[in-house]
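Since the structure comes first, as structure tokens, the remarks are kept for the end.
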Amino acid sequence: MIIHLADPADPRVSDYTSLTDVQLRRTREPAEGMYIAESSRVLRRALEAGHRPRSFFMAEKWLAELTDVIDAHPDVPVFVGTARLLEDITGFHLHRGAMAAMHRPAPVDLPALLAGARRVAVLEDIVDHTNIGAIFRSAAALGVDAVLVSPRCGDPLYRRSIRVSMGTVFQVPWARLTAWPEDMSLLRSAGFTTAALALKPDSLTIRQLAARNDGKLALILGTEGDGLGAETVAEADHAVMIPMHAGVDSLNVAAASAVAFFATQPPHGTHG
Ligand SMILES: C[S@@+](CC[C@H](N)C(=O)[O-])C[C@H]1O[C@@H](n2cnc3c(N)ncnc32)[C@H](O)[C@@H]1O
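Its first residue numbered 1312, the sequence shown is counted upward by one per residue in my numbering.
Structure (structure tokens):
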């Protein structure tokens, strides 16, 4: 169903307005049960993951490349316009071509997720969508079974997180916690040992943690500025650090996640 746009104020494309306003979009999209898949590659990965489109949005020249997708969704509107008109709506030039407004998948069942997981990452209040995306990419690559995000954490389905994650946010199961650090009790009752990645004088090293073979493991990562809250560190079973050289005071949180995920891979896993 192709619809040629003539007016940037067309209410049918309100899903695509003010895309550059991060603060607005990160609250609006979850509240409206949608997210934006940007670029035809991301859009295809979202569809492969079983997510449903609300509409497609592109310059005319992208129609041919997406014919199969459009034909497979005959009831979904395809909004088409000039590059200038699309830019007036979104607030930026669409150099990645097509976009889709997608229905947000239903929240996962947290107890079931925790019951089936061996290792999870918990992101406490991480607001940088680049870091969130990079952590998901590492989680997927290094065999972390699920990612849990604190109530104040950024949105894994924000378009920048999706892009940086290379679409792995569609692959790694994730859930938003409703209270943190209170929900650490859910992890504990599901059998997880909780490890706060924190630079404390008495922290275990990541190798010492891995050598303990604690079984189900939750790796908790903190904010870019202040790191983990004192209450989180106090409540976790262990504080854990990645030793550093050259007087560097900390790693970027996404880099720290990759090291921690790699170092704590299960000994009998498939990752050698
Ligand atoms: C940029 S750091 C925050 C630094 C903060 N000033 C602190 O002292 O925790 C962001 C997060 O990455 C993780 N992190 C960074 N470097 C780490 C290291 N060497 N060992 C353990 N965790 C680290 C921690 O979870 C931290 O909360």
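Beta carbons: idealized from backbone N, C-alpha and C, even for Gly.
Quick caveat, the model's predicted, so the values are computed rather than measured.
Boundaries of the alpha helix (DSSP H) harbouring Val1564: 1564-1574, taken from the DSSP string. The beta carbon of Gly1427 is closer than 8 angstroms to those of Asp1456 in its chain, skipping five residues each way along the sequence.
Assignment of Ile1314 by DSSP, reduced to helix, strand and coil, places it in the strand class.
Between the segment 1503-1521 and the segment 1480-1491 there are fewer than three inter-stretch CB-CB distances shorter than 8 angstroms, so the stretches are not counted as touching. For Leu1498, there is no enclosing beta strand (DSSP E); the residue is part of the alpha helix (DSSP H) that begins and ends at 1495-1500.
About 7 angstroms separates the Cβ atoms of His1362 and His1414, confirming a contact at the 8 angstroms cut-off. At a threshold of 7 angstroms, Leu1510 counts as near ligand 1, since its beta carbon sits closer than that to one of the ligand's heavy atoms. Taking 8 angstroms as the cut-off, the beta carbon of Ala1490 is found no closer than this to the beta carbon of Leu1425. Contact annotation, Pro1319 with Leu1374: C-beta distance approximately 20 angstroms; criterion of less than 8 angstroms not satisfied. Taking a C-beta distance under 8 angstroms as the contact criterion, Leu1532 and Val1559 do not qualify as a contact pair. If you check the C-beta of Ala1574 against ligand 1, you find no heavy atom less than 7 angstroms away. In the DSSP secondary-structure assignment, Leu1459 is bridged to Val1433, Ala1486.
Per DSSP, the continuous alpha helix (DSSP H) segment holding Ala1452 begins and ends at 1440-1452.
Residue pairing by DSSP places His1362 in no beta bridge whatsoever.
Cβ contact annotation for Cys1464 (same chain, cutoff 8 angstroms, sequence separation greater than five): Leu1434, Glu1435, Asp1436, Ile1437, Val1438, Ile1443, Arg1487, in chain order. Cβ contact annotation for Thr1401 (same chain, cutoff 6 angstroms, sequence separation greater than five): Tyr1327, Leu1330, in chain order.
DSSP, read as helix, strand or coil, puts Ile1381 in helix.
The three-state secondary structure of Tyr1346, taken from DSSP, is strand. In the three-state reduction of the DSSP assignment, Thr1534 falls in the strand class. Around the beta carbon of His1406, fewer than 16 other beta carbons lie within 10 angstroms, which makes this residue exposed.
If you look at Leu1508, you'll find it in the beta strand (DSSP E) that goes 1504-1508. Here the distance from the Cβ of Gly1444 to the nearest heavy atom of ligand 1 is not below 7 angstroms. Judged by DSSP secondary structure, Val1544 falls within the alpha helix (DSSP H) whose first and last residues are 1541-1546. Cβ contact annotation for Asp1399 (same chain, cutoff 8 angstroms, sequence separation greater than five): Pro1319, in chain order.
In this structure the segment 1416-1425 does not lie against the segment 1533-1550, because fewer than three pairs of beta carbons, one per stretch, are closer than 8 angstroms. In terms of Cα proximity to Met1312, the closest of Val1544, Asp1382, Leu1515 is Asp1382.
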